[in-house]
Amino acid sequence: MNRDAILEAVDVVKHFGTGDGWLSKTPVVQAVDGVSLSIRRGETFAIVGESGCGKSTLARLLMRLLTPTSGTVSFDGREISATKGEALKTLRGEMQFIFQDPFSSLNPRMTVGKLVGEPLEVHAPELGKENRRAKVAQLLRQVGLRAEHADRYPHEFSGGQRQRIGIARALASEPKLIIGDEPVSALDVSVQAQVINLLGDLSRDLGLTLVIIAHDLGVIRHMSDRVAVMYLGRIVEIGDTEDVYTAPRHPYTQALLASIPSMSGPQVDHEAIVLGEMPSPTAPPPGCRFHTRCPFAQERCKTEVPVLSDTHSGTHQVACHFWDSITAEAPPVNTERSSAAVEARFALYRAATEGGTVTHKTNQPTERT
Ligand code: SF4
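Taking the working numbering, the leading residue of the sequence shown gets 40, the next gets one more, and so forth.
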């Protein structure tokens, strides 16, 4: 395992269903198919792609919430793919998950104090009742809530506040790494940036490693250090976020970025750029899995699987046989944005990254939102 890496996946495969036997009428779903990646200690790493690309399954494999069909996952120097029992309980404290839907991820019958205190009962049983209550109050303040909120129930809070409760609960066991599965996509545009800022602040202040799963490339640009783009169970491009955004090498990444609405030009239809639907993960195309939708596909693409290879930048890899010639042909990616909602969101991002509040990527004075 790389010394800088806190989490490493090597050739991880997850197939659901066996596809054989008289009971099994459903075909095998190739959700994740040969993913290798290395996440560095303290960085914010984003995994993006359309729904059905396998990113949420990959997140659950990295968390040891699922067992891989093959391949290995290592966390903090130890292999965890088959971890069980006490070792798994310890691991659960070190890696935490933030769910997409703050409305359904919190038990409505438990007070906020009980919800946030529950992980402390499991991972820090030596704390007495009073110390636990004090710790819960501290965690609530850390996420921008008040100590007295501990006595209330989740339904008394807004969506953004509930996600803050979820984050406080995730922080309770003092994890080294947090994985957020679309942590802001269920929230109003106006509160998305606040929660993004909070995650960035916590990552910086606590030295946390963050893995963010997202389908919206706009969301992750300002919060992630590196990004991996997934398509049909495989990583097609990976690199430093600014490098991937300013010089995308894979046609799929180029299409995803071009589909971010433009502030100055007309709205771009994503489907018009990436032709047709994503094929089913039960029958992925041979060769390059993107060849059925790729405007640059050639005969070789139908049979030969492209592997991730270094681009000229050295911090950026792409899985495409023809990335070098395509880059010259592809139209420039317009990463400006339009539409009232999108414009409002980006105004918030700009406020977050250029002044006022901060993200972990800038070292400015903190002001809680
Ligand atoms: Fe397109 Fe071929 Fe590159 Fe795949 S390998 S992205 S089909 S050009």
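By construction, the Cβ of each residue, glycine as well, lies at the ideal position given by its N, Cα and C atoms.
In this text, all values refer to a predicted model and were calculated from it rather than measured experimentally.
Whose C-beta lies closer than 7 Å to the C-beta of residue i among residues of the same chain, with five residues either side of it excluded?
i, result
"R208", "L154, V155 and P158"
"R201", "P141, F142, L145 and P193"
"V74", "A48, V51, L97, R273 and I274"
"T150", "A189, D190, R191 and Y192"
"V283", "V266, E276, T292 and H355"
Just how far apart, CA to CA, sit residue i and residue j?
i, j, result
"T174", "A98", "Residue identity check: residue 174 is Lys in the sequence provided, not Thr. Roughly 29 Å separates the two Cα atoms."
"T321", "T111", "23 Å"
"T354", "D50", "20 Å"
"V307", "A294", "Note that V307 scores 47 on pLDDT, short of 50, meaning its location in the model is unreliable; the coordinates nonetheless yield the value given after this. Spanning the two alpha carbons is a distance of roughly 10 Å."
"P164", "G326", "53 Å"
"A189", "G152", "4 Å"
"V268", "R328", "14 Å"
"A7", "A121", "As shown, the chain starts at 40 and ends at 408. That puts residue 7 outside it, with no answer to give."
"P66", "G56", "7 Å"
"H261", "E338", "38 Å"
"L76", "S212", "26 Å"
"T108", "L101", "13 Å"
"E343", "I78", "28 Å"
"R172", "D43", "36 Å"
Can you tell me whether DSSP reads residue i as helix, strand or coil?
i, result
"I259", "helix"
"T292", "helix"
"Q337", "coil"
"T111", "strand"
"V228", "helix"
"D140", "coil"
"S348", "strand"
"L76", "strand"
"V223", "coil"
"L247", "coil"
"T83", "strand"
"V266", "strand"
"R185", "coil"
"H54", "strand"
"G278", "strand"
So is the beta-carbon of residue i under 7 Å away from any non-hydrogen atom of the ligand SF4?
i, result
"F20", "Because residue 20 is not part of the residues shown, which for the chain are 40 to 408, the question remains open."
"A189", "no"
"H355", "no"
"C92", "no"
"H261", "no"
"A48", "no"
"A294", "no"
"I365", "yes"
"H351", "no"
"H54", "no"
"H162", "no"
"Q16", "For residue 16 there is no data in the structure shown, the boundaries of the chain being 40 and 408."
"F142", "no"
"P345", "yes"
"P290", "yes"
Take residue i and list the residues in its own chain whose beta-carbon comes closer than 6 Å to its own, dropping the five residues that flank it on each side.
i, result
"T96", "K53, A70 and V71"
"G315", "R332"
"D19", "Look at the range of the chain in this structure, 40 to 408, and you will see that residue 19 is not part of it."
"V230", "G199"
"L162", "Note that residue 162 is His in the sequence shown, not Leu. Cβ within range, chain order: G132 and S212."
Is residue i close to chain B, meaning its C-beta is less than 8 Å from at least one C-beta of that chain?
i, result
"D255", "Although the question refers to chain B, the structure presented lacks it and comprises just one protein chain."
Please go through the same chain and pick out, in chain order, the residues whose beta-carbon is closer than 8 Å to the beta-carbon of residue i, but skip the five residues on each side of it.
i, result
"V346", "A358"
"H330", "P324, A336, C340 and K341"
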